[in-house]
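Presented below is the structure to which this report refers.
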Ligand code: SAH
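Next up, the structure:
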C-alpha cells in the first residue's frame, strides 16, 4: 500500500499587483504556507501575510536574471509536498491565464498530489477596470478574447488577421498579454481585419503604484508604446469599449488613476 502524502499544494493567484486585490482565500493560503514559490510578477508586498518561519523561494526572471527552469520548479514543489510541507505556488494575476498553472497542476497530479487552486484577478481585467472601462459594455462588445502575443518556441503564434476579423465581426474586446516586444507585427496583422482608427489602450504595471497607460488607435499602437516608453509587463487592449476613455483623455489632461 502507498504511504499517504503528508504535505499539500495550493496554487494561488496573487492578482495584478495591488496587494489589496488578493482574495481572502489567497491570504489564508499564504499565511498557512511553510514553503512559498514566488513568480516574478508577484508583488512582494503580498508576502507580508506569510509566516516568518516560511521558506520563500523566488523563481522569476526579472532584472535580466535567468528564470528557474519549469522542470526544476515542478521537482521542488513535488519534493517539498512529499516531505510534508504546505507548498504555496504564488503566481501573478490568475494562475490559469497564461501562467503555466495548468501544466503545474497536471504534473503534481501525475505525482499523486492533489492541488487546490485559488483564483486571482487577471491583469487584463484589472488593467481596464482600473481605468473605469467595462470589458463587456453592452453597447460596444459581446465578448472578450484573451490572447498571448508571444509564440511558443517552434510555433507561429496567433494569426492576427483572423483574430481581427472575429473581433470586428463579433464585436469582441481583445486583450493581448506579452505583446509589447511584437507590437509592430501584431499591429500589422490586426490592421488586416480591424479599422485603423479602432481604439486601443496600453497599460503597464496595472493596479500598481507605478501604473502607466496611454490611449491611442490601432494604426499608432507600436509608435505609442515606443514614444511613451511603455514596456513589459503590459496589457494591450483593443476595441470599441475603449472609445469613451479615448474621448475623455482627449478632453482632459488629468491622469485617470486606478482606485487607491
Ligand atoms: N497569469 C497572469 C499573466 C501571466 S503572463 C495574469 O493572469 O495576469 C505575463 C503577462 O501578463 C505580462 O507580460 C503582461 O502582459 C501581463 N501582466 C501581468 N501583470 C501585469 C500588470 N500588473 N500590468 C500589466 N500587464 C501585466
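Residue numbers (the numbering used here): 14 to 273.
We put the CB at the ideal spot given by N, CA and C, even for glycine.
Using 8 Å for Cβ pairs, my map puts residue i next to residue j. What's the rounded Cβ distance?
i	j	result
residue 100	residue 42	Actually they do not touch by this definition, with Cβ atoms about 10 Å apart.
residue 171	residue 160	6 Å
residue 147	residue 254	6 Å
residue 59	residue 29	Actually they are not in contact, since the Cβ atoms of residue 59 and residue 29 sit about 11 Å apart, beyond 8 Å.
residue 193	residue 245	5 Å
residue 73	residue 52	5 Å
residue 169	residue 206	The Cβ separation is near 17 Å, so there is no contact.
residue 18	residue 94	6 Å
residue 231	residue 209	6 Å
residue 162	residue 189	5 Å
Put residue i into one of helix, strand or coil per three-state DSSP.
i	result
residue 77	With a pLDDT of only 46 at residue 77, under 50, the local geometry of the prediction cannot be trusted, and the value read off the model is given with reservation. If DSSP states are grouped into helix, strand and coil, residue 77 belongs with coil.
residue 36	coil
residue 221	coil
residue 146	coil
residue 210	coil
residue 65	coil
residue 43	helix
residue 254	helix
residue 193	helix
residue 59	helix
From which residue to which residue does the alpha helix (DSSP H) around residue i run?
i	result
residue 85	83-95
residue 200	196-203
residue 136	136-142
residue 179	173-183
residue 118	114-123
residue 234	234-241
What residue from the options has the CA that sits closest to residue i's CA?
i	options	result
residue 83	114, 94, 110 and 186	114
residue 145	230, 24 and 262	262
residue 214	243, 201 and 206	243
residue 155	184, 167 and 163	184
residue 97	72, 81, 129 and 22	22
residue 38	93, 81 and 134	134
residue 165	143, 179 and 191	191
residue 226	232, 238 and 256	238
residue 216	229, 179, 85 and 206	229
residue 212	220, 218, 219 and 203	203
residue 187	210, 220, 218 and 248	248
residue 104	138, 220, 55 and 207	55
residue 251	87, 35, 120 and 200	200
residue 141	218, 124, 92 and 121	218
residue 34	182, 162, 138 and 149	138
If I follow the unbroken beta strand (DSSP E) through residue i, where does it start and stop?
i	result
residue 158	156-161
residue 167	Residue 167 -> no beta strand (DSSP E), and no H or E assigned at all.
residue 153	Here residue 153 belongs to no beta strand (DSSP E), and DSSP marks it neither H nor E.
residue 23	21-26
residue 50	48-51
residue 54	Neither: residue 54 is in no beta strand (DSSP E) and is coded neither H nor E.
residue 72	No beta strand (DSSP E) contains residue 72, which DSSP labels as neither H nor E.
residue 103	99-104
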